[in-house]
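> Below are the structure tokens for one structure; questions will follow.
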Amino acid sequence: MVVWKWPLVGRDAELAFISAAMRGRDHSQPGVVVAGPHGVGKTRLAREALAKAVRSGARERWVVGTKSGRSVPLGALARHLQEDGAASESGRPALPAARALAARIDGRRVVVGVDDAHLLDEQSAMAVHQLVLTGTTPVVMTVGATDSAPDAITSLWKDGYLERLDLRPLSLREVTALLETVLGGELERSSAERLWRLAGGTVLFLRLLVTAECEAGRLRLESGVWRWSGDVGLPTTLTCLIEAQMGALDPLVRQVVDILAIEEPLTLSVLEELVGRRAIEQAEERGLVTAQLRDGQGMSVRLAHPLYGEVRRDRTGTLHAIRLRGRVARALTRPPCTSAARLRAAVLTMQSDLPPEPQLFMDGARIALGRGDAKLCAQLAGAAATAGSGLPARWLRAHALAMNGEGTQAEHELAALADVGDEAQRARVAIDRVTNMFWSLGRVADARLIQARARSSITDRDAQQSLIALGAVLDLCRGHPRVAARAARGVLDSGCADPAAVAPACYALVGALGVLGKTDRIGPLAERGAVAARSHDTSILPIAVHMEHVHALVNAGYLHRAQELAADVRQMAADAPAPIRTAAMFVDGRVALRSGRLAEALRALREATAGLGGRDAFGMRYACRVALAQTLALIGDADEAAEALAAAEAARHPGYSFLDPELIRVRAWVVAAGQQPSAVAIAIAHEAADLAAKNAQLALEVLALHTAVQFGDIACAERLSRLASTVDGPRAPAAARQAAALSERDGAALDEISAEFERYGDLLAAADCAAQAAGAQAYRGMRVSALASAARARRIATACGAHTPAIRAIAGLDARLTDRQREIATLIGQGLTNQQIADRLIVSVRTVEGHIYRAGRQLGVNTREALAAVVCGR
Numbered sequence: 001m002v003v004w005k006w007p008l009v010g011r012d013a014e015l016a017f018i019s020a021a022m023r024g025r026d027h028s029q030p031g032v033v034v035a036g037p038h039g040v041g042k043t044r045l046a047r048e049a050l051a052k053a054v055r056s057g058a059r060e061r062w063v064v065g066t067k068s069g070r071s072v073p074l075g076a077l078a079r080h081l082q083e084d085g086a087a088s089e090s091g092r093p094a095l096p097a098a099r100a101l102a103a104r105i106d107g108r109r110v111v112v113g114v115d116d117a118h119l120l121d122e123q124s125a126m127a128v129h130q131l132v133l134t135g136t137t138p139v140v141m142t143v144g145a146t147d148s149a150p151d152a153i154t155s156l157w158k159d160g161y162l163e164r165l166d167l168r169p170l171s172l173r174e175v176t177a178l179l180e181t182v183l184g185g186e187l188e189r190s191s192a193e194r195l196w197r198l199a200g201g202t203v204l205f206l207r208l209l210v211t212a213e214c215e216a217g218r219l220r221l222e223s224g225v226w227r228w229s230g231d232v233g234l235p236t237t238l239t240c241l242i243e244a245q246m247g248a249l250d251p252l253v254r255q256v257v258d259i260l261a262i263e264e265p266l267t268l269s270v271l272e273e274l275v276g277r278r279a280i281e282q283a284e285e286r287g288l289v290t291a292q293l294r295d296g297q298g299m300s301v302r303l304a305h306p307l308y309g310e311v312r313r314d315r316t317g318t319l320h321a322i323r324l325r326g327r328v329a330r331a332l333t334r335p336p337c338t339s340a341a342r343l344r345a346a347v348l349t350m351q352s353d354l355p356p357e358p359q360l361f362m363d364g365a366r367i368a369l370g371r372g373d374a375k376l377c378a379q380l381a382g383a384a385a386t387a388g389s390g391l392p393a394r395w396l397r398a399h400a401l402a403m404n405g406e407g408t409q410a411e412h413e414l415a416a417l418a419d420v421g422d423e424a425q426r427a428r429v430a431i432d433r434v435t436n437m438f439w440s441l442g443r444v445a446d447a448r449l450i451q452a453r454a455r456s457s458i459t460d461r462d463a464q465q466s467l468i469a470l471g472a473v474l475d476l477c478r479g480h481p482r483v484a485a486r487a488a489r490g491v492l493d494s495g496c497a498d499p500a501a502v503a504p505a506c507y508a509l510v511g512a513l514g515v516l517g518k519t520d521r522i523g524p525l526a527e528r529g530a531v532a533a534r535s536h537d538t539s540i541l542p543i544a545v546h547m548e549h550v551h552a553l554v555n556a557g558y559l560h561r562a563q564e565l566a567a568d569v570r571q572m573a574a575d576a577p578a579p580i581r582t583a584a585m586f587v588d589g590r591v592a593l594r595s596g597r598l599a600e601a602l603r604a605l606r607e608a609t610a611g612l613g614g615r616d617a618f619g620m621r622y623a624c625r626v627a628l629a630q631t632l633a634l635i636g637d638a639d640e641a642a643e644a645l646a647a648a649e650a651a652r653h654p655g656y657s658f659l660d661p662e663l664i665r666v667r668a669w670v671v672a673a674g675q676q677p678s679a680v681a682i683a684i685a686h687e688a689a690d691l692a693a694k695n696a697q698l699a700l701e702v703l704a705l706h707t708a709v710q711f712g713d714i715a716c717a718e719r720l721s722r723l724a725s726t727v728d729g730p731r732a733p734a735a736a737r738q739a740a741a742l743s744e745r746d747g748a749a750l751d752e753i754s755a756e757f758e759r760y761g762d763l764l765a766a767a768d769c770a771a772q773a774a775g776a777q778a779y780r781g782m783r784v785s786a787l788a789s790a791a792r793a794r795r796i797a798t799a800c801g802a803h804t805p806a807i808r809a810i811a812g813l814d815a816r817l818t819d820r821q822r823e824i825a826t827l828i829g830q831g832l833t834n835q836q837i838a839d840r841l842i843v844s845v846r847t848v849e850g851h852i853y854r855a856g857r858q859l860g861v862n863t864r865e866a867l868a869a870v871v872c873g874r
């Protein structure tokens with residue numbers, strides 16, 4: 001049994017409201033009514049409010065209303081009446097009972113809590129009513145949001161005696177914070193969202209669900225992140241609670257709920273055709289379903305709580321569920337039928353007692369593939385093949401298996417199709433075999449061999465161009481960007497309009513231009529590739545082209561634009577299947593890493609690594625681990641960074657030679673994090689730069705050389721200067737000027753370059769450059785300037801969470817001020833006057849002036865502004 005202490009999270013404002021209400025305000029009595037649905041946390045919040053009062057010296061009385069106790073007059077108060085020395089017989093009037101509740105305990109004032117006040121018997125309710133009217137005893141009571149309560153309770157908030165607080169379910173952010181506190185670690189965003197949606201933000205349901213899923217092993221720690229996978233299994237306790245909340249269901253209402261449990265939402269017209277209008281209205285009146293107007297699509301109906309569907313699916317017999325799916329499928333296919341409805345109908349038909357419909361299955365498979373859901377595509381294409389669709393269905397299933405990372409099975413099925421069909425079909429099979437061999441199975445030589453054989457045997461013009469474009473992608477991944485760019489340009493200039501050729505050609509050219517340092521040419525190409533990739537018949541998804549564009553922008557130093565495009569990628573992936581969301585998460589992590597948002601990068605990269613699970617159709621795990629190792633090195637976690645680097649090297653994808661310079665560069669950061677001599681790290685960074693230069697990966701050469709400069713290398717200024725004349729973006733020229741200024745120990749120039757890095761969004765480079773400025777100024781005896789640069793470096797590094805060699809090097813360079821002097825200098829930097837500072841610190845103005853004078857003498861400055869500049873680094 002998993003047991004955790006669940007803290008109160010996300011209720012600070014509500015707790016403050018209750019505390020204020022217990023003191024009485026706005027002419028109301030001291031107390032509050034907390035209303036909300038079952039399990040939302042009313043009792044916990046009331047208990048916390050009373051505990052706060054107890055910590056202030058009060059004593060507590062707690063009253064609980066129950067269904068069974070409603071028939072016993074004053075039954076809910078019996079224990080407290082006996083404590084007061086009075087009998088609890090039914091004839092006892094309400095006013096003496098109220099006095100008994102208000103009676104002091106050990107001579108101390110009392111606060112009263114009444115849980116589930118809507119379940120009190122009439123006399124207990126009247127006693128509570130009288131207690132409130134006395135106005136001497138704070139009362140906190142909870143009621144169900146929609147439950148009927150005795151008039152004596154209802155009138156308390158209706159007539160304004162007590163304030164009412166309607167407690168809302170927790171938001172996604174609050175649920176995530178709660179679960180991460182409970183689990184003791186980061187929770188994958190998609191898992192947090194799934195748990196939040198299923199529990200409806202209700203804490204009780206969430207606690208039962210999370211406990212059960214942890215015990216079942218479906219919610220577990222993977223790659224440093226908690227991740228929930230697999231189908232949900234509701235614990236018996238939660239099922240009973242939900243069934244009690246739903247209440248008894250008559251046949252008509254049960255039919256509405258069961259159909260929506262099978263498939264939701266449904267348009268009102270479809271649902272009305274299946275069950276009739278009256279049944280829907282009854283279900284709505286019972287609070288079991290909700291209806292809302294959807295733009296351009298009429299009314300939509302869904303279950304009022306996601307767990308209603310889970311419970312009813314568990315309770316519905318297999319044969320009945322099969323029949324219901326068939327009924328819903330038929331209704332969905334009636335015109336007008338959207339692509340979304342046709343996909344839903346295909347899935348339901350496949351799982352129903354209806355006769356197989358091969359065309360419907362094929363249509364659904366293509367729609368699923370267009371949405372990036374390779375797993376569902378494979379299922380539907382398999383059903384179509386079984387139903388007689390033949391070669392097209394067999395190929396589509398194999399294609400989807402490859403995209404879903406099921407490489408071995410995909411190759412088995414694709415190999416059987418290698419010599420079947422016309423040239424166009426054989427080309428599609430060859431392309432799928434090549435991509436599957438190369439990425440999913442890592443058999444690079446076999447992939448190249450299959451591609452070469454296909455090119456020599458296939459004469460169809462479009463098919464030839466598709467194979468050439470695929471070869472360009474392989475050359476890009478193998479670290480030959482010039483070869484890739486030449487081949488890709490040839491395809492795009494050939495006049496071929498087949499998306500199966502255009503999409504991979506654009507992808508290859510975008511990636512090649514990015515590493516060749518020609519990022520400024522990418523924009524139109526990326527858009528052309530994304531448009532082509534929207535075709536169902538290409539394995540290059542639109543998001544992949546945009547991802548390559550993001551990587552190019554990051555390497556060039558266009559970090560603000562990279563963040564904007566990464567946000568677009570994230571939006572594209574929001575409703576996509578898990579593999580695409582994982583890819584978007586990796587993009588987020590890489591942008592955050594290069595921008596210096598290290599905590600954000602660490603979370604995103606860990607989530608991306610965990611999200612890959614056991615399947616990795618495109619070799620992304622290797623790239624994730626390389627970036628993760630650098631992130632850990634930058635935050636100064638040398639041991640974990642070394643472990644991550646070892647994991648990356650062990651998982652090195654044989655087709656991803658283009659990442660070799662990056663792997664070596666990250667090794668330099670890991671060595672530096674272990675505080676080995678800087679010469680060692682610099683030598684490794686130069687090794688990365690030399691390999692990148694050999695491969696014409698000029699953007700990666702710049703990154704590697706800039707890394708050496710960050711370690712203190714003064715020997716690569718001329719090389720960076722040459723690169724700056726050919727490589728697009730702000731990174732290369734800024735890195736070249738940094739190297740030159742560092743070699744000349746020009747602190748002022750380094751300060752200016754640091755500000756430039758900060759402007760274009762590279763906070764890590766800005767911090768390191770400011771630290772080097774501090775070192776240069778200290779070397780020249782410019783102590784005040786050195787202290788100001790050091791303070792600025794620390795400020796930026798703290799915001800990043802960075803602990804780099806350059807930052808460590810200025811550890812001894814500090815303004816030796818008292819804590820009070822530093823605090824006052826910081827407040828000056830925030831624009832406060834001496835009087836305002838004195839008021840805030842509750843001291844005299846003369847005292848503030850004395851601290852400023854002594855701090856100025858210590859630092860050798862004679863103005864308030866100069867003092868703030870040195871201490872705050874602004």
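Numbers 1 to 874, taken from full-length UniProt numbering, label the letters of the sequence shown in order.
Where a beta carbon is used, it is the ideal one built from N, C-alpha and C, also for glycine.
(1) Report the rounded CA-to-CA distance for Gly856 versus Ala776, giving the unit in angstroms.
(2) Under 8 Å, with one C-beta from each stretch per pair, do the stretch 281-300 and the stretch 228-238 reach the 3-pair mark?
(3) DSSP three-state label for Ile105, please.
(4) Whole angstroms are fine: how far does the CA of Ala724 sit from the CA of Gln697?
(5) Leaving out five residues before and five after Ala87 in sequence, what residues of the same chain have Cβ atoms less than 6 Å from its Cβ?
(6) If you measure between the beta carbons of Leu703 and Arg667, is that distance less than 8 Å?
(7) According to DSSP, Ala35 sits in a beta bridge with which residue or residues?
(8) When the distance is taken between beta carbons, is Gly761 closer than 8 Å to Leu559?
(9) Mind checking which residues open and close the alpha helix (DSSP H) that includes Arg808?
(10) Kindly indicate which residue of Thr609, Gly829, Phe711, Arg820 has the alpha-carbon position closest to the one of Gly224.
(11) What residue range does the beta strand (DSSP E) around Asp115 cover?
(12) Note the first and the last residue of the continuous alpha helix (DSSP H) segment covering Gly287.
(13) Any idea if Cys337 is buried or exposed, counting beta-carbon neighbours within 10 angstroms, 16 or more meaning buried?
(14) Quick one: Cα of Gln409 to Cα of Arg719, how far?
(15) In chain order, what residues of the same chain lie with their CB nearer than 8 Å to the CB of Leu544, ignoring the 5 residues before and after it?
(16) Assuming Met126 contacts Ala149 (C-beta within less than 8 Å), just tell me the rounded distance between them.
(17) Give me the Cα-Cα distance between Tyr779 and Leu470, rounded to the nearest whole angstrom.
(18) Could you check the C-alpha separation between Leu605 and Glu756 for me, to the nearest Å?
(19) For Thr519, count the other beta carbons within 10 Å of its own beta carbon; 16 or more makes it buried, fewer makes it exposed. Which is it?
(20) In or out: Arg55 buried (at least 16 other Cβ within 10 Å) or exposed?
(21) Quick check: what's the CA-CA separation for Ile837 versus Ile828?
(22) Is His399 closer than 8 Å to Asp432 when the C-beta atoms are compared?
(23) Identify whether Glu406 lies in helix, strand or coil by the three-state DSSP scheme.
(24) Might you give, ordered along the chain, the residues of its own chain that have their beta carbon closer than 7 Å to the beta carbon of Thr631, omitting 5 neighbours on each side?
(25) Answer with buried or exposed for Val420, where buried requires no fewer than 16 other C-beta atoms within 10 angstroms of its C-beta.
(26) Leaving out the 5 sequence neighbours to the left and right, which residues in its chain are closer than 6 Å to Leu348 when beta-carbon positions are compared?
(27) Spatial neighbours of Val510 within its chain, please: CB distance less than 8 Å, with the 5 preceding and 5 following residues excluded, ordered by chain position.
(28) Here's the rule: buried if 16 or more other CB atoms are within 10 angstroms of the residue's CB, otherwise exposed. What is Ser269?
(29) Would the stretch 193-212 and the stretch 300-307 be scored as touching if the rule is three or more Cβ pairs under 8 Å?
(30) Could you please give me the residues that DSSP links to Gly59 through a beta bridge?
(31) Val140 and Leu50 - do their beta-carbons sit closer together than 8 Å?
(32) Kindly identify the DSSP beta-bridge partner or partners of Val64.
(33) Given the structure, does Val225 come close to the ligand ATP, in the sense that its CB is under 7 Å from one of the ligand's heavy atoms?
(34) Is Ala791 closer than 8 Å to Ile807 when the C-beta atoms are compared?
(35) Please state whether the Cβ-Cβ distance between Leu516 and Pro481 is less than 8 Å.
(36) So, are the CB atoms of Ala472 and Ala487 less than 8 Å apart?
Inspection of the coordinates gives the following:
(1) As a position in the sequence shown, residue 856 is number 856, starting the count at 1. As a position in the sequence shown, residue 776 is number 776, starting the count at 1. If you take the alpha carbons of Gly856 and Ala776, they lie about 22 Å apart.
(2) no
(3) Position 105 of the sequence shown, counted from the start, is the residue given in the question as residue 105. Reduced to three states, the DSSP call for Ile105 is strand.
(4) The sequence position of residue 697 within the sequence shown is 697, counting from 1. The sequence position of residue 724 within the sequence shown is 724, counting from 1. Using only the alpha carbons, I get a separation of about 14 Å.
(5) Translated into positions along the sequence shown, residue 87 becomes position 87. Model confidence at Ala87 stands at a pLDDT of 46, short of 50, so the residue's coordinates are unreliable; what they give is reported in the following sentence. Hits under 6 Å: none found.
(6) Position 703 of the sequence shown, counted from the first residue, corresponds to residue 703. Position 667 of the sequence shown, counted from the first residue, corresponds to residue 667. Going by C-beta atoms, Leu703 is not nearer than 8 Å to Arg667.
(7) Your numbering for residue 35 matches position 35 in the sequence shown. Answer by DSSP bridge pairing, in chain order: Val143, Asp166.
(8) To locate residue 559, count along the sequence shown from 1; it is residue 559. To locate residue 761, count along the sequence shown from 1; it is residue 761. Closer than 8 Å, so yes.
(9) In the sequence shown, residue 808 corresponds to position 808, counting from 1. Unbroken alpha helix (DSSP H) run through Arg808: 805-809.
(10) As a working note, residue 224 is residue 224 in the sequence shown. With distances taken between Cα atoms, Gly224 lies closest to Thr609.
(11) In the sequence shown, residue 115 corresponds to position 115, counting from 1. Counting along the chain, the beta strand (DSSP E) containing Asp115 begins and ends at 110-115.
(12) As a position in the sequence shown, residue 287 is number 287, starting the count at 1. No alpha helix (DSSP H) contains Gly287, which DSSP labels as neither H nor E.
(13) One-based indexing of the sequence shown puts residue 337 at position 337. Classification for Cys337: exposed.
(14) Against the sequence shown, residue 409 aligns to sequence position 409. Against the sequence shown, residue 719 aligns to sequence position 719. Arg719 has its alpha-carbon roughly 49 Å from the corresponding atom of Gln409.
(15) The residue you call residue 544 lines up with position 544 of the sequence shown. For clarity, residue 544 is Ala in the given sequence; the question names Leu instead. Same-chain partners within the cutoff: Tyr507, Ala533, Ala583.
(16) Against the sequence shown, residue 126 aligns to sequence position 126. Against the sequence shown, residue 149 aligns to sequence position 149. Not confirmed; about 12 Å, so no contact.
(17) Numbered from 1 along the sequence shown, position 779 holds the residue referred to as residue 779. Numbered from 1 along the sequence shown, position 470 holds the residue referred to as residue 470. Rounded to the nearest angstrom, the two C-alpha atoms are 55 Å apart.
(18) The residue labelled residue 605 in the question sits at position 605 within the sequence shown. The residue labelled residue 756 in the question sits at position 756 within the sequence shown. Spanning the two alpha carbons is a distance of roughly 27 Å.
(19) If you number the sequence shown from 1, residue 519 lands on position 519. The residue in question, Thr519, is buried, as its Cβ has 16 or more Cβ neighbours within 10 Å.
(20) Residue 55 sits at position 55 when you count from the first residue of the sequence shown. The residue is exposed, with fewer than 16 neighbouring Cβ atoms inside 10 Å.
(21) Translated into the one-based positions of the sequence shown, residue 837 becomes position 837. Translated into the one-based positions of the sequence shown, residue 828 becomes position 828. If I take the Cα positions, the gap works out to 8 Å.
(22) Taking the sequence shown and counting its residues from 1, one reaches residue 432 at position 432. Taking the sequence shown and counting its residues from 1, one reaches residue 399 at position 399. It is a contact, given that the beta carbons lie within the stated cut-off.
(23) The count along the sequence shown starts at 1 and reaches residue 406 at position 406. If DSSP states are grouped into helix, strand and coil, Glu406 belongs with coil.
(24) Residue mapping note: residue 631 aligns to position 631 of the sequence shown, counting from 1. So the qualifying residues of the chain are Leu593, Leu598, Ala601, Leu602, Leu605.
(25) On the sequence shown, residue 420 is found 420 positions in, with the first residue counted as 1. In summary, Val420 is exposed, with fewer than 16 beta-carbon neighbours lying within 10 Å of its beta-carbon over all protein chains present.
(26) As a working note, residue 348 is residue 348 in the sequence shown. So the qualifying residues of the chain are Arg325, Val328, Ala329.
(27) As a first step, residue 510 is located in the sequence shown; it is residue number 510 there, counting from the start. Taken in chain order, the residues that qualify are Ile522, Leu525, Ala526, Gly529, Val545, Glu548, His549, Ala552.
(28) Here residue 269 is taken as the residue at index 269 of the sequence shown, counted from 1. With fewer than 16 other Cβ atoms within 10 Å, it is exposed.
(29) yes
(30) Here residue 59 refers to the residue found at position 59 of the sequence shown. One point to set straight first is that residue 59 is Arg, not Gly, in the sequence displayed. The partner list for Arg59 (beta bridge, DSSP) reads Val110.
(31) The residue you call residue 50 lines up with position 50 of the sequence shown. The residue you call residue 140 lines up with position 140 of the sequence shown. Yes. Within cutoff.
(32) Numbered from 1 along the sequence shown, position 64 holds the residue referred to as residue 64. Note: Val64 sits in a beta bridge opposite Asp115.
(33) The model depicted lacks the ligand ATP and carries no ligand whatsoever.
(34) The count along the sequence shown starts at 1 and reaches residue 807 at position 807. The count along the sequence shown starts at 1 and reaches residue 791 at position 791. In this structure, Ala791 does not lie closer than 8 Å to Ile807 by Cβ.
(35) Position 516 of the sequence shown, counted from the first residue, corresponds to residue 516. Position 481 of the sequence shown, counted from the first residue, corresponds to residue 481. In contact: Leu516 and Pro481 (Cβ atoms closer than 8 Å).
(36) As a first step, residue 472 is located in the sequence shown; it is residue number 472 there, counting from the start. As a first step, residue 487 is located in the sequence shown; it is residue number 487 there, counting from the start. Yes. Within cutoff.
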